[in-house]
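Asks:
There are 2 protein chains.
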Amino acid sequence: MNKIDSAGHSIHFETQLAPLTDIIKSGKYSKIFVFADGNTSQLCLPLFQELLGDFQAFDLIETDPGEENKNIDFCIGIWKTLLDFEADRKCLMINLGGGVITDMGGFVASTYKRGIDFINIPTTLLAQVDASVGGKTGIDIDNVKNMVGAFTLPQAVFIESGFLKTLPKRELLSGFAEMIKHGLIVDQDYYKMLKKSDYKKISSDAIYRSVEIKNKVVTEDPHEKGIRKILNYGHTIGHAVETYSLIHDKNPLTHGEAIAIGMVCEAYLSSNNNNLSHDELIDISNYILTTYPKYTIKEDSFTDLLAFMKSDKKNENGQIMFSLLSSIGTCSINCSVTENEIKESLSYYNIINKNIAND
Amino acid sequence: MNKIDSAGHSIHFETQLAPLTDIIKSGKYSKIFVFADGNTSQLCLPLFQELLGDFQAFDLIETDPGEENKNIDFCIGIWKTLLDFEADRKCLMINLGGGVITDMGGFVASTYKRGIDFINIPTTLLAQVDASVGGKTGIDIDNVKNMVGAFTLPQAVFIESGFLKTLPKRELLSGFAEMIKHGLIVDQDYYKMLKKSDYKKISSDAIYRSVEIKNKVVTEDPHEKGIRKILNYGHTIGHAVETYSLIHDKNPLTHGEAIAIGMVCEAYLSSNNNNLSHDELIDISNYILTTYPKYTIKEDSFTDLLAFMKSDKKNENGQIMFSLLSSIGTCSINCSVTENEIKESLSYYNIINKNIAND
Ligand SMILES: NC(=O)c1ccc[n+]([C@@H]2O[C@H](COP(=O)([O-])OP(=O)(O)OC[C@H]3O[C@@H](n4cnc5c(N)ncnc54)[C@H](O)[C@@H]3O)[C@@H](O)[C@H]2O)c1
Ligand SMILES: NC(=O)c1ccc[n+]([C@@H]2O[C@H](COP(=O)([O-])OP(=O)(O)OC[C@H]3O[C@@H](n4cnc5c(N)ncnc54)[C@H](O)[C@@H]3O)[C@@H](O)[C@H]2O)c1
Ligand SMILES: [Zn+2]
Ligand SMILES: [Zn+2]
Numbered sequence: 001m002n003k004i005d006s007a008g009h010s011i012h013f014e015t016q017l018a019p020l021t022d023i024i025k026s027g028k029y030s031k032i033f034v035f036a037d038g039n040t041s042q043l044c045l046p047l048f049q050e051l052l053g054d055f056q057a058f059d060l061i062e063t064d065p066g067e068e069n070k071n072i073d074f075c076i077g078i079w080k081t082l083l084d085f086e087a088d089r090k091c092l093m094i095n096l097g098g099g100v101i102t103d104m105g106g107f108v109a110s111t112y113k114r115g116i117d118f119i120n121i122p123t124t125l126l127a128q129v130d131a132s133v134g135g136k137t138g139i140d141i142d143n144v145k146n147m148v149g150a151f152t153l154p155q156a157v158f159i160e161s162g163f164l165k166t167l168p169k170r171e172l173l174s175g176f177a178e179m180i181k182h183g184l185i186v187d188q189d190y191y192k193m194l195k196k197s198d199y200k201k202i203s204s205d206a207i208y209r210s211v212e213i214k215n216k217v218v219t220e221d222p223h224e225k226g227i228r229k230i231l232n233y234g235h236t237i238g239h240a241v242e243t244y245s246l247i248h249d250k251n252p253l254t255h256g257e258a259i260a261i262g263m264v265c266e267a268y269l270s271s272n273n274n275n276l277s278h279d280e281l282i283d284i285s286n287y288i289l290t291t292y293p294k295y296t297i298k299e300d301s302f303t304d305l306l307a308f309m310k311s312d313k314k315n316e317n318g319q320i321m322f323s324l325l326s327s328i329g330t331c332s333i334n335c336s337v338t339e340n341e342i343k344e345s346l347s348y349y350n351i352i353n354k355n356i357a358n359d
Numbered sequence: 001m002n003k004i005d006s007a008g009h010s011i012h013f014e015t016q017l018a019p020l021t022d023i024i025k026s027g028k029y030s031k032i033f034v035f036a037d038g039n040t041s042q043l044c045l046p047l048f049q050e051l052l053g054d055f056q057a058f059d060l061i062e063t064d065p066g067e068e069n070k071n072i073d074f075c076i077g078i079w080k081t082l083l084d085f086e087a088d089r090k091c092l093m094i095n096l097g098g099g100v101i102t103d104m105g106g107f108v109a110s111t112y113k114r115g116i117d118f119i120n121i122p123t124t125l126l127a128q129v130d131a132s133v134g135g136k137t138g139i140d141i142d143n144v145k146n147m148v149g150a151f152t153l154p155q156a157v158f159i160e161s162g163f164l165k166t167l168p169k170r171e172l173l174s175g176f177a178e179m180i181k182h183g184l185i186v187d188q189d190y191y192k193m194l195k196k197s198d199y200k201k202i203s204s205d206a207i208y209r210s211v212e213i214k215n216k217v218v219t220e221d222p223h224e225k226g227i228r229k230i231l232n233y234g235h236t237i238g239h240a241v242e243t244y245s246l247i248h249d250k251n252p253l254t255h256g257e258a259i260a261i262g263m264v265c266e267a268y269l270s271s272n273n274n275n276l277s278h279d280e281l282i283d284i285s286n287y288i289l290t291t292y293p294k295y296t297i298k299e300d301s302f303t304d305l306l307a308f309m310k311s312d313k314k315n316e317n318g319q320i321m322f323s324l325l326s327s328i329g330t331c332s333i334n335c336s337v338t339e340n341e342i343k344e345s346l347s348y349y350n351i352i353n354k355n356i357a358n359d
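Keeping their order, the protein sequence lines are chains P and G.
Numbering of the first sequence is given in UniProt numbering, commencing with residue 1 and proceeding in unit increments.
Numbering of the second sequence is given in UniProt numbering, commencing with residue 1 and proceeding in unit increments.
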């Protein structure tokens, strides 16, 4: 149980990077680059070097941390750096960081000289359980998320829980939302197991199970034509709430915090428009609201939120589409919902949130 | 003989765009964009519209003509324009122009929202016989050619000789060099046929044959690991001469003119280092030098030329690699040659060029 086979490559778990050492020592590559951000070069590079042992022959390419730097200007900078280093088509890029680094590094690698090999070592929980699988790379343009990118596969992925030790709790909680989602959309038992666990002490088994679930879904539908859309559960409303918060809140929601809110709202829609039972709705709401910090979706933001949902790149022909639960552990795609129902679901979140606060 | 099947798509010949009308009318696409440059929007769009008949529902995205605009700034402009037009993942981009338009349009389409469909309608001879096949897209960074790009396939390609009517003679001659190359590397009979023809009146059959040859080669080796390298014949030296001329000459060589020079030099290397016979060397030299305008490779440019060759992205580990003829119609890859021999081949071009001028 230390490897999952994904399209054309392996995802290695808790191997202390041993297979990576082999890849590097094979001599297949003319040069090795490690791509990291200011945080991961400080906090993750030492462990990376320790695990690789005597091999130290790489050049470090460092970028500023944060989503705001996942943009085309930084890409141009990295392409030029590779040029300056005289990187040829046989070099290897190792992306060491969270989803920003693996998304942007993957895009840069897959387009430099029409594609060089890259390997991802995700160092956040979110990047390990979500960004690590599915071949999506991307960058933002004018703050529109992932507006440019490619479907492209790494040579390998290495998931090492050791890197998570320095990750702030809030970042752990952010990635944990995707794990809850994995349980809700395809595996009731996994959801139950997560409910009993502590997000601050995630087990390797749970990470493995999340990767396994996501890998199964994306392997069936690599280009997001159908079943893969179940992974959007919580994200239609969640993304809108996240975008709004980024613009308006002093201390904006993380991705996972916003998705947690989205999952409560979309559970409401699931019970209204799909077969999710009332008890299941209450179960999901209670669990999420007691796990995640309180937030209020302001009444006067509803119009903006709907506008964000309409401009989501997943829509076609202007229709807002949802993936909704039919029970805990099963999910339907392409559900359409009226704007009024969406607003109701936002109000539902606020009301139940307040009630739980009053407990 | 009006269709060639390439990896996952068809190249249509002289169909008056009838299959394109069907594709558009199928209703598969939410929006249609035509991407053109200032010249092709003037000179090719009218014929395009005439052929498509009553269908006119597309938005035009226009860019400035010329290689200097095949860059990341223009890409960003096009991505943003697509965003402004609210282009979703189900839209179609039709690239109507020379290799600059099909290369850049293909790159933009294959990365916008991680990939939308595109169709190429090459309108220069070079783009029809060369850029039309093989799935390469790309743009220049800091004037380094095709430094960023992807291997990605169009939905279809349409080759219509009608578009060539407005193409300047010098551009015809530029594309013709690639056709001569196709004959030299794999088909002696085709080379002989071309020798008897007039580049100003290229037959559809010849274009078809060139596309067929290139398609066969790239289908065998889509990612340029081996046999595809024979297409580089004439290009190792040719590219260097082209780059030098772009920087130093008032009226720089076209790509094809430079490749023609490269083919003479590399024919010399082929007779020195491979099995090309002396008679064949003379035959190639005579034919090319009487077809293409005179040029002198300045003695004091040799060092720069070698430096350009060394920085070519096709090299590995700093070795300059050649594809050399073993006879007219057969070509070997991965031939290494000393710097002195390369200089000799440049001098050979100058000498034989002068002799022919004296005839
Ligand atoms: N490709 C996909 O399928 C996919 C899926 C989900 C998310 N994403 C993308 O991932 C990004 C979000 O990922 P993220 O949350 O990992 O963002 P991130 O990369 O910005 O990481 C979050 C923060 O944690 C820091 N960090 C990373 N590893 C650390 C460690 N081990 N210790 C201490 N600090 C560390 C980073 O420097 C950053 O400040 C978004 O851009 C999103 O679009 C992609
Ligand atoms: N993808 C590939 O496999 C491949 C192969 C070869 C070349 N290329 C690329 O192609 C580019 C060169 O192609 P090109 O020579 O077609 O360049 P181009 O697109 O710049 O066209 C040359 C000129 O002809 C004009 N033009 C185009 N069609 C016309 C028409 N029908 N009538 C009048 N004028 C017309 C253009 O506006 C331009 O000014 C280079 O960037 C090169 O890297 C790509
Ligand atoms: Zn998410
Ligand atoms: Zn060429």
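Cβ atoms here follow ideal geometry from the backbone N, Cα and C, with glycine treated the same way.
These figures come from a predicted structure and were not determined experimentally.
Examine chain G for any beta-carbon lying closer than 8 angstroms to the beta-carbon of T111/P, and answer yes or no.
Replies: Yes, its Cβ sits closer than 8 angstroms to a Cβ of chain G.
Asks: What distance in whole Å lies between the Cβ atoms of I207/G and S161/G, which are believed to be in contact at a cut-off of 8 angstroms?
Replies: 7 angstroms
Asks: Which first and last residues belong to the alpha helix (DSSP H) in which E297/G is found?
Replies: Per the sequence shown, residue 297/G should be read as Ile rather than Glu. I297/G -> no alpha helix (DSSP H), and no H or E assigned at all.
Asks: By how many angstroms is the C-alpha of V264/G removed from the C-alpha of N286/G?
Replies: 9 angstroms
Asks: How would you list, in chain order, the residues of chain G whose beta-carbon sits under 7 angstroms from the beta-carbon of G149/P?
Replies: T111 and R114
Asks: Give me the chain P residues within the contact set of G138/G, using Cβ-Cβ distance strictly less than 8 angstroms, ordered along the chain.
Replies: R114
Asks: Less than 7 angstroms separating the Cβ of E171/P from some heavy atom of ligand 1?
Replies: yes
Asks: Can you pull the chain P residues whose beta carbon is under 8 angstroms from the beta carbon of L83/G, in chain order?
Replies: I141, D142, V144 and M147
Asks: Using a cut-off of 7 angstroms between C-beta atoms, extract the partners of M80/G located in chain P.
Replies: The question names Met, but residue 80/G in the sequence shown is Lys. The answer, in chain order, is I141 and D142.
Asks: Just the Cα atoms here: how many angstroms apart are Q319/G and S336/G?
Replies: 7 angstroms
Asks: Measuring CB to CB, does residue 382/P end up less than 8 angstroms from V218/G?
Replies: Residue coverage of chain P in this structure runs from 1 to 359, which leaves residue 382/P outside it and unanswerable.
Asks: With DSSP as the reference, label V144/G as helix, strand or coil.
Replies: strand
Asks: Quick one: is the Cβ of D22/G within less than 7 angstroms of any heavy atom of ligand 4?
Replies: D22/G Cβ: outside cutoff for every heavy atom of ligand 4.
Asks: Can you tell me whether F74/P is helix, strand or coil according to DSSP?
Replies: helix
Asks: Quick one: give me the first and last residue of the beta strand (DSSP E) that F35/P is part of.
Replies: I32 to D37
Asks: Please report the straight-line C-alpha distance between S6/G and N215/G, rounded to a whole angstrom.
Replies: 7 angstroms
Asks: Where residue 388/P and F151/P are concerned, what is the direct C-alpha to C-alpha distance, given to the nearest angstrom?
Replies: Outside the modelled stretch of chain P, which goes from 1 to 359, sits residue 388/P, for which no answer is possible.
Asks: Could one say the Cβ of I76/G lies closer than 8 angstroms to chain P's Cβ atoms, at least one of them?
Replies: yes
Asks: Any heavy atom of ligand 3 inside 7 angstroms of the beta-carbon of E242/P?
Replies: no
Asks: So, helix, strand or coil for T152/P, using DSSP?
Replies: DSSP places T152/P in coil when its eight states are reduced to three.
Asks: Following a CB-centred definition, is H255/P positioned closer than 7 angstroms to any heavy atom of ligand 3?
Replies: yes
Asks: Per DSSP, what are the beta-bridge partners of N286/G in this structure?
Replies: In DSSP, N286/G forms no bridge with anything.
Asks: Find out if the Cβ-Cβ distance for the pair V108/G, E67/G is shorter than 8 angstroms.
Replies: Cβ distance not < 8 angstroms, so V108/G and E67/G don't count as in contact.
Asks: Return the CA-CA distance between D187/P and T330/P, expressed in angstroms with no decimal places.
Replies: 7 angstroms
Asks: Check the Cβ of I261/P against every Cβ in chain G and list those closer than 7 angstroms, keeping chain order.
Replies: Under the 7 angstroms cutoff, chain G gives no residues; its nearest Cβ is about 25 angstroms from I261/P.
Asks: Give me the subset of the region 32-65 of chain P whose CB atoms are less than 9 angstroms from a CB atom of chain G, sorted by chain position.
Replies: none
Asks: Could you work out which residues of chain P lie near I72/G, taking near to mean beta carbons separated by less than 9 angstroms?
Replies: For a Cβ distance threshold of 9 angstroms, residue set I72, C75, I76 and W79 of chain P lies close to I72/G, ordered along the chain.
Asks: Using 8 angstroms for Cβ pairs, my map puts A177/G next to I259/G. What's the rounded Cβ distance?
Replies: 5 angstroms
Asks: Which residue wins for smallest C-alpha separation from V133/P, given the options D283/P, G256/P, H9/P and N251/P?
Replies: H9/P
Asks: Determine the burial state of R170/P: buried for a count of at least 16 other Cβ atoms within 10 Å of its Cβ, exposed for fewer.
Replies: exposed
Asks: I want to see whether chain G comes within less than 8 angstroms of N358/P, judged by CB atoms only; does it?
Replies: Because the pLDDT at N358/P is just 48, under 50, the model does not fix this residue reliably, and the value given afterwards should be weighed accordingly. False, the Cβ-Cβ gap to chain G never drops below 8 angstroms.
Asks: Are at least three pairs of beta-carbons, each pair with one atom in the region 193-212 of chain G and one in the region 220-227 of chain G, less than 8 angstroms apart?
Replies: no
Asks: Might you give, ordered along the chain, the residues of its own chain that have their beta carbon closer than 8 angstroms to the beta carbon of F55/P, omitting 5 neighbours on each side?
Replies: T21, I24 and K25
Asks: From P252/G to P293/G, what does the alpha carbon distance come to, in whole angstroms?
Replies: 12 angstroms
Asks: What are the complete alpha helix (DSSP H) segments, minimum 4 residues, inside the region 208-296 of chain G?
Replies: 235-248, 255-273 and 278-291
Asks: Should D37/P and P65/P be called a contact, given that it needs their Cβ atoms to be closer than 8 angstroms?
Replies: yes
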